[in-house]
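Here the structure comes first, spelled out in C-alpha cells, and everything after it is commentary.
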Amino acid sequence: MPLCRKAIQKLYLPDFLYLCGMNEQKRNGFKTTLSGLLTLAEQGVDRVKNRKWGKNMPPSPLEIIAYTGYGTPEHLYCRGRILQSKGIVTSAKDSPWRNLLNTYHRFESDEVPHHPLQIHYGGNTFVLQTNEEGYFKLDAALPTALQPSNNIWHNARFDLPATAANIQQHQMVSAYSQMLVPNHLADYGVISDLDDTLIKSNIISKTKMLYLALFKNAYTRLAFRGAPALYWAFRKGKNGNSKNPIFYVSNSPWNLYDMLDEFMDINHIPKGPILLRDFGHAGNDELSAAFKQHKYNETVKILQTYPNLPFILIGDSGEKDADTYLQVARQFPGRILCIYIRAVNDKKRAQRVQQLAKTETNTTMLLIEDSLDIAKHAELNGFIHKQGLYLVNQSLYSDRSSLVDFWLEEE
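Throughout, our numbering is defined as the position within the sequence shown, counted from one, plus 10.
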C-alpha cells in the first residue's frame, strides 16, 4: 500500500473530521484532496532522499517521546510513546507546505509496539512495555518516596534496554522529561483547556481550524493576547511567590504533543503537563462519547491526586467546557475556586454559557472576553498578586516584559 494511503488511514481522518462536524460527503472530499496534496509532498521528499541515498537508506532510529507527567512524593503518573524517529524540525520560516508535511509525519507515525523500556525516577526503576500503538503509561506508587523539596520539578530518565538490534544500529536510546510535584508553596492549582482558551484555534469555524492545524506550526500559531502573562500570574499566586501547578487538558491528539510543547516554550507559557488523547478507530458513537469524557476524566484524576488543593478551571465557550467543569464542581463541592470561560465569537454559545452560570449557585462561573478581565477578577478575589495584574495589563501592549523574564529565570 502506498505510504500516503496508509497515512490517511492512520491519520484517523474519519474520526477527526467527524469531530469537526463534517458530514460523510464532505469528509470523503476532504480526504481525497488531502491525500492528493500529501502524495505530491511525499513524491518531492522521496526524490530528494533517492538522490542522496539511493537504495542505501539507513534505518530510522528509535525515539522515546516522554510526555511531562505529574504526581506526589509517593506516586507518579506519566505517559509516552516509542516511535521510529521522523526528525521533525520546525522554524518560523517554514512554508505552509513544509508544515503540512510535518503534520503528515506526526500522524504517519511508525509506532514500536510491545517494546520494553525502563523509567528511572527518584531512586526508583520501573519496567514497562508499549501497547499496540507504541504508547506506554505508568500510574504507580513509588517504592521510595521523594524527599521534601522546594522544587516542583523532578527529572525522570527513560531508557530502551540494550538489544542486539539496537547495538548494531548504534541506538542506545534514552530520553528525559520532568514530573510536576506540587509542594507547600502551592495555594491552588489551575486546569486549562488549550484550543481557543490559550491558543487561537477557531474551533467554531471548521475550515479555519483545519487550516491552522495543517498549515501552521508552533512558531506561527498565536496565543491570546495577555494569556502567557495571565498564566504566570496564576503560577505565582496571591503573594507573588507561590508555585501553583498548572495542567493543560485538551482534546487534541497525542500526535500534536511536540508542536504544543514547543508552542508553550516559544510563547513563554508556564510549563505544565499537557494531557492529550489518543485517536482510535472507534465508531462515531464511541468516539463522540470518548471525546466528551476525556477532559472530564483527566480533570477528575488531577483533583483526586491532590485532594487538599483547590482549583481554578479555564476553558472556552466553543466546546462544552462549561458543562464539563460544572459537572466536576458538583462532584467536588468546595474544591473549585472559580470557572473562567473565554467567549468565542458566537452569540448563541455565549448565551448558553451565561444561562448555565445563572443556574449555578454553588460555584462561580464567568464568561469573559479577554485575559485582562480574568486578571482583574482574579486579583480582586485574591487569586493573584497585584503585580500579576500589572503584568497582564503591560503584556497587552508588548510581547515581553521584564517580569516574565524574571519569572522564567526563577522557573
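Virtual Cβ for every residue (Gly too), placed ideally from N, Cα, C.
Open item on the list: Need the endpoints of the alpha helix (DSSP H) that residue 389 sits in, please.
Closed with: 381-390
Open item on the list: Since residue 231 and residue 209 should fall inside the 8 Å C-beta cutoff, what is the C-beta to C-beta distance between them, to a whole number of angstroms?
Closed with: With a Cβ gap of about 6 Å, residue 231 and residue 209 count as contacting.
- [ ] Return the bridge partner residues of residue 163 from the DSSP annotation.
- [x] Paired residues: 190.
- [ ] Provide the residue span of the beta strand (DSSP E) that contains residue 130, from first to last.
- [x] 126-131
Open item on the list: If you measure between the beta carbons of residue 121 and residue 91, is that distance less than 8 Å?
Closed with: Against a cut-off of 8 Å, the Cβ pair of residue 91 and residue 121 comes out as a contact.
TODO: Please go through the same chain and pick out, in chain order, the residues whose beta-carbon is closer than 7 Å to the beta-carbon of residue 293, but skip the five residues on each side of it.
DONE: Confidence in residue 293 is poor, its pLDDT being 48 and thus under 50, which makes the residue's placement unreliable; the coordinate value appears in the next sentence. Within the same chain, residue 293 has no close Cβ partners at all.
Task: CB contact check: residue 121 to chain B, cutoff 8 Å - done: The displayed structure is made up of one protein chain only, and chain B is not part of it.
Open item on the list: Assuming contact is defined by CB atoms lying nearer than 8 Å, are residue 309 and residue 363 in contact in what I supplied?
Closed with: no
- [ ] Assuming residue 331 contacts residue 203 (C-beta within less than 8 Å), just tell me the rounded distance between them.
- [x] Going by Cβ atoms, the distance from residue 331 to residue 203 rounds to 6 Å, so yes, they are a contact pair.
TODO: Pick helix, strand or coil for residue 258, following the three-state DSSP scheme.
DONE: Strand.
Task: Cα-Cα separation between residue 182 and residue 361, rounded to whole angstroms - done: 56 Å
Open item on the list: Measuring only the C-alpha atoms, how far is residue 351 from residue 218?
Closed with: 21 Å
- [ ] Evaluate the contact criterion for the segment 95-105 versus the segment 186-195: three or more CB pairs, one atom per stretch, below 8 Å.
- [x] no
Open item on the list: Could you check whether the Cβ of residue 136 sits closer than 7 Å to any heavy atom belonging to the ligand FAD?
Closed with: The model on display carries no ligand, and the ligand FAD is accordingly not part of it.
TODO: Select from 339, 249, 274 the residue whose C-alpha is nearest the C-alpha of residue 256.
DONE: Out of 339, 249, 274, 274 has the C-alpha closest to the C-alpha of residue 256.
Open item on the list: For residue 168, count the other beta carbons within 10 Å of its own beta carbon; 16 or more makes it buried, fewer makes it exposed. Which is it?
Closed with: buried
Open item on the list: Please state the DSSP three-state secondary structure of residue 312.
Closed with: helix
Task: Simplified DSSP state of residue 84, which is helix, strand or coil - done: Note: residue 84 maps to coil in three-state DSSP.
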